[in-house]
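Each residue of the sequence shown is one higher than the last, beginning at 1 in the UniProt record's numbering.
Just below is one structure, and these are the notes that go with it.
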Amino acid sequence: MPTPTTGRARSYIGAGTTTASPVRPRVSPELIATLATRLTPRDRWLLEILHEHRALTTHQIQQLAFPSVSTTTHRLLALWRLRALERFRPAMATGSAPLHYVLGPAGAAVLAARRGQTLTAFGYRLDRALALAHSDKLHHLIGANGIFTALAHHGRTHPGAALLTWWSERRCQATWGKYARPDGYGRWHQDGHETDFFVEYDTGTEPLPRLLVKIGDYTALAELTGITDTPVLFALPNPPREDHLHTRLTTAGGPLIATTTPQALQTAGGPAGPAWRIPGTPQRRRLTELTPTTTTSTTGERA
Numbered sequence: 001m002p003t004p005t006t007g008r009a010r011s012y013i014g015a016g017t018t019t020a021s022p023v024r025p026r027v028s029p030e031l032i033a034t035l036a037t038r039l040t041p042r043d044r045w046l047l048e049i050l051h052e053h054r055a056l057t058t059h060q061i062q063q064l065a066f067p068s069v070s071t072t073t074h075r076l077l078a079l080w081r082l083r084a085l086e087r088f089r090p091a092m093a094t095g096s097a098p099l100h101y102v103l104g105p106a107g108a109a110v111l112a113a114r115r116g117q118t119l120t121a122f123g124y125r126l127d128r129a130l131a132l133a134h135s136d137k138l139h140h141l142i143g144a145n146g147i148f149t150a151l152a153h154h155g156r157t158h159p160g161a162a163l164l165t166w167w168s169e170r171r172c173q174a175t176w177g178k179y180a181r182p183d184g185y186g187r188w189h190q191d192g193h194e195t196d197f198f199v200e201y202d203t204g205t206e207p208l209p210r211l212l213v214k215i216g217d218y219t220a221l222a223e224l225t226g227i228t229d230t231p232v233l234f235a236l237p238n239p240p241r242e243d244h245l246h247t248r249l250t251t252a253g254g255p256l257i258a259t260t261t262p263q264a265l266q267t268a269g270g271p272a273g274p275a276w277r278i279p280g281t282p283q284r285r286r287l288t289e290l291t292p293t294t295t296t297s298t299t300g301e302r303a
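What follows is the structure, given as structure tokens:
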């Protein structure tokens, strides 16, 4: 909705209902005690996911853990009312953005208690969590997270497939930040094969030379750590940018680069399908076709 003075859209903290919102309890020892009986194992898992990955939309949360939109919205509303989660609608030039969810103060208190920490030691601040509503990096964060939630959903709905590992940008930076800074790292299992991968989510705001610098960073990572068979997946905003990047790529040396676009993802049915294009060939491949086959046992251990 445009404002009368600037014409820019507002971010609405706590938005999402068309009627007056109920009064929510303040965060107190009594509320935290109540959550001990109100939170399900899935709820606690979702709190951990939001702590790790910072923000997710309603649709992404459904992809991760719920069977339907109605079930998702009903449970998220209950968790919001208990202050386990907070929510907002970010600004959009036109239309209305989906609700975005972040960890709430009561949810953070639960996670801190599980770790035997105070809320201060846990490192949670509500103002920082909600500041994402106004951050220029929100679109990038949600886009990168969406690659993983789509894979997780494919795994939930297709026997023999599973997203085994999903690391956030912050965790990647803590592990590899001296060399490269992926937007995420994952391990995908499908039909007895496993593929590790890095994700780079590109919004189109950086010049192509900057993307080439990032690829050089992954080359350094491979040389210094021995991580040589992990593809770097570039999710690009449109086909022309993908074509332009491929004219600058080489098939010799360096990390394996694979690219996709929203159009390719839609055609392929998501990132698990034949959505990925590698240098030197126009044919797109499935995620498990990007690297030499690694077989796994039924327990998930590499064979």
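Backbone N, C-alpha and C fix where the C-beta goes; we use that ideal spot for every residue, glycine too.
Every value quoted in this text rests on a predicted model; they were computed, and no experiment measured them.
Open item on the list: Is the beta carbon of A144 closer than 7 Å to that of V199?
Closed with: The count along the sequence shown starts at 1 and reaches residue 199 at position 199. The count along the sequence shown starts at 1 and reaches residue 144 at position 144. The answer is yes: Cβ separation under 7 Å.
Task: First and last residue of the uninterrupted beta strand (DSSP E) at D196 - done: Walking along the sequence shown from the start, residue 196 turns up at place 196. Element bounds for D196: 193 to 201.
Open item on the list: Can you give me the C-alpha to C-alpha distance between T267 and T34, rounded to a whole angstrom?
Closed with: As a position in the sequence shown, residue 267 is number 267, starting the count at 1. As a position in the sequence shown, residue 34 is number 34, starting the count at 1. So the two alpha carbons sit approximately 46 Å from each other.
Open item on the list: With a threshold of 6 Å on Cβ separation, who are the neighbours of G155 within its own chain once the five nearest residues in sequence on each side are excluded?
Closed with: As a working note, residue 155 is residue 155 in the sequence shown. Counting only Cβ-Cβ distances below 6 Å, and skipping sequence neighbours, we find A161, A162, L163.
Open item on the list: For the region 188 to 202 against the region 226 to 234, do three or more pairs of beta-carbon atoms, one drawn from each stretch, fall closer than 8 Å, so that the two count as touching?
Closed with: yes
Task: DSSP three-state assignment for H100, whether helix, strand or coil - done: What you label residue 100 is simply residue 100 of the sequence shown in a count that begins at 1. Three-state result, H100: strand.
TODO: Go through the region 147 to 235 residue by residue and report every complete run of the alpha helix (DSSP H) that reaches 4 residues or more, in order.
DONE: The region 147 to 235 contains these whole alpha helix (DSSP H) runs: 169 to 176, 208 to 225.
Task: Beta-carbon contacts of G273 that lie in its chain and below 7 Å, excluding the five residues immediately before and after - done: Here residue 273 refers to the residue found at position 273 when the sequence shown is read from its first residue. R286, listed in sequence order.
Open item on the list: Below 8 Å on the Cβ atoms is my contact criterion, and I expect G186 with Q60 to pass it. Report the Cβ-Cβ distance as a whole number of Å.
Closed with: Counting from 1 along the sequence shown, the entry for residue 186 is found at position 186. Counting from 1 along the sequence shown, the entry for residue 60 is found at position 60. For G186 against Q60, the beta-carbon gap comes to about 15 Å, at or over 8 Å, which does not count as contact.
TODO: Report yes if the C-beta of L77 is less than 6 Å from at least one heavy atom of the ligand SAM; otherwise report no.
DONE: As far as ligands go, the structure on display features none, and thus does not contain the ligand SAM.
Task: L130 - containing alpha helix (DSSP H), residue span - done: Locating residue 130 in the sequence shown gives position 130, where the first residue counts as 1. Where L130 is concerned, the enclosing alpha helix (DSSP H) stretches over 126 to 131.
TODO: Report yes if the C-beta distance between L138 and L132 is below 7 Å; otherwise report no.
DONE: Counting from 1 along the sequence shown, the entry for residue 138 is found at position 138. Counting from 1 along the sequence shown, the entry for residue 132 is found at position 132. Going by C-beta atoms, L138 is nearer than 7 Å to L132.
Open item on the list: If the criterion is Cβ atoms closer than 7 Å, does the pair T261 and E289 meet it?
Closed with: Taking the sequence shown and counting its residues from 1, one reaches residue 261 at position 261. Taking the sequence shown and counting its residues from 1, one reaches residue 289 at position 289. The answer is no: Cβ separation not under 7 Å.
TODO: Write down the C-beta distance between V110 and L50 rounded to the nearest angstrom, noting that I regard them as a contact closer than 8 Å.
DONE: Position 110 of the sequence shown, counted from the start, is the residue given in the question as residue 110. Position 50 of the sequence shown, counted from the start, is the residue given in the question as residue 50. Incorrect: roughly 12 Å between the Cβ atoms, too far for contact.
Task: Where D191 falls, given that 16 or more other Cβ within 10 Å makes a residue buried - done: In the sequence shown, counting from the first residue as 1, residue 191 sits at position 191. The residue in question, D191, is exposed, as its Cβ has fewer than 16 Cβ neighbours within 10 Å.
TODO: Closer than 8 Å by C-beta to A112: which residues in its own chain qualify, once you throw out the five before and the five after it? Chain order, please.
DONE: Position 112 of the sequence shown holds residue 112. Contacts found: T118, L119, A121, F122, Y124.
- [ ] Grab me the residues of W45's own chain with a C-beta within less than 8 Å of its C-beta, minus the 5 sequence neighbours each way, in chain order.
- [x] Position 45 of the sequence shown holds residue 45. Hits under 8 Å: A65.
TODO: Please classify T72: does DSSP put it in a helix, a strand, or coil?
DONE: Sequence index remark: in the sequence shown, residue 72 carries index 72 (1-based). DSSP places T72 in helix when its eight states are reduced to three.
Open item on the list: DSSP three-state label for T260, please.
Closed with: For the purposes of this step, residue 260 is taken as the residue at position 260 of the sequence shown. Per DSSP, reduced to three states, the secondary structure at T260 is strand.
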